[in-house]
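To start, the structure under review is shown below, and the notes come after it.
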Amino acid sequence: MPFTSFAMAEDHYLGKWRTMLAKAGGDPAKIAMLSSWTWPALFFPYGWLFYRKMWALGGSVFAFQLVYALLPESAPPLAAGLLMVATFSLGIVFALYGNAWYLEKVRKRWEALRSEPDRATALAKAKQEGGVNLIAPIVAFALVVAAAVGPHLISWNDPVAMVRDGHMRAYPSTTVGKAFAGNFDGGTWRSFITAKGQQVVEFSGKINAALHGNAVSALADSFEKARKVGRSKLEDTISPCPPSNSLGKGENIEPQQPPQQR
């Protein structure tokens, strides 16, 4: 029995796919290229694939999602951004073609079951191998959440991690650890309790060449600016004295006669 005829006749098995089969016009080669839309595959692609027992695709997307969830905060922003875009793009692809790929999988499996001489036996095997799985997507989602939240829970009572992964008000776009790592070589963190019972987190490291060069340049600029400001103030306090023997226009100077001796 052709797959299309079987699907049309057995509404209890493939009735919900009749619209897509009609679009394919009975041509099996066109099924995998049919586009539709499924919202669960957009927001939860690996869960939807596991639900449909598409284990290979679901496992690949799930592994990709785990990599994104386990990405440390110290990872370059570009890498995190690319992974986020790729994750959303995968959701769009499976939302558009997930139903078609699932129907193609069912078609191929039915073609393999056609060799069964008994139709009832073929239907029984199809139902056993088909259907959906609710446990796999729930477990997968729990693992992704644990991967994303777990490191934060582990470092909750770690004072070094809390300081290192925290943010400074002046630099909200980066963490303290990232800022120090970019300016110091061989940096080390440690936590200790003082004699007064205070918790202290200490960082030590060697200033790298980039920070040293920036510091020298900043000091030179500050010195030059201060020198210019000082010179300007000095010039403002010193004003030129007018000449004491200045003459008006048209004035003549008469030579003084020496005093006569008596």
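Residue numbers (our numbering): 7 to 268. Quick reminder that beta carbons are idealized off the backbone N, C-alpha and C, glycines included.
Local Cβ density within 10 Å of residue i, reported as buried at 16 or more and exposed below that
i      : result
Arg58  : buried
Ile141 : exposed
Glu208 : exposed
Val4   : Residue 4 is absent from the model: the chain starts at 7 and stops at 268.
Leu55  : buried
Arg113 : buried
Phe12  : Residue placement at Phe12 is poorly supported in this model, since its pLDDT is 45, which falls under 50; the coordinates still yield a value, given next. By the neighbour-count rule (16 or more Cβ atoms within 10 Å), Phe12 is buried.
Ala62  : exposed
Met26  : buried
Val67  : buried
Phe198 : exposed
Trp45  : exposed
Leu84  : exposed
Cys49  : With the sequence shown as reference, residue 49 is identified as Phe, and Cys is not the correct amino acid for it. It counts as exposed.
Pro110 : Reading off the sequence shown, one finds Glu at residue 110, where the question assumed Pro. By the neighbour-count rule (16 or more Cβ atoms within 10 Å), Glu110 is buried.
Pro82  : exposed
Arg24  : exposed
Pro123 : exposed
Asn220 : exposed
Phe106 : In the sequence as displayed, the identity of residue 106 is Ala instead of Phe. The residue is buried, with at least 16 neighbouring Cβ atoms inside 10 Å.
Gly32  : exposed
Gly137 : exposed
Gly156 : exposed
Pair within 8 Å by beta-carbon distance, residue i and residue j
i      : j      : result
Gly211 : Gly188 : no
Ala271 : Ala75  : Because the chain is modelled from 7 through 268, residue 271 falls outside the range shown and cannot be assessed.
Phe147 : Gly87  : no
Phe229 : Ile213 : no
Ala132 : Trp43  : no
Glu135 : Arg120 : no
Leu89  : Leu77  : yes
Tyr103 : Met60  : no
Residue range of the unbroken beta strand (DSSP E) whose run includes residue i
i      : result
Ile199 : Phe190 to Ile199
Glu135 : Not the beta strand (DSSP E): Glu135 falls in the alpha helix (DSSP H), residues Arg125 to Glu135.
Lys212 : Gln205 to Ile213
Supposed contact pair residue j and residue i - C-beta distance, whole angstroms, cut 8 Å
i      : j      : result
Ala38  : Gly97  : Not a contact, Cβ separation roughly 19 Å.
Pro165 : Gln205 : 6 Å
Ile28  : Leu40  : Inspection of the sequence shows that residue 28 is occupied by Ala rather than by Ile. The Cβ separation is near 10 Å, so there is no contact.
Continuous alpha helix (DSSP H) stretch holding residue i: start and end
i      : result
Glu110 : Pro83 to Leu119
Leu27  : Arg24 to Ala30
Ala185 : Val182 to Ala187
Uninterrupted alpha helix (DSSP H) stretches inside the stretch 41-79 (no shorter than 4 residues):
45-49, 51-57 and 61-75
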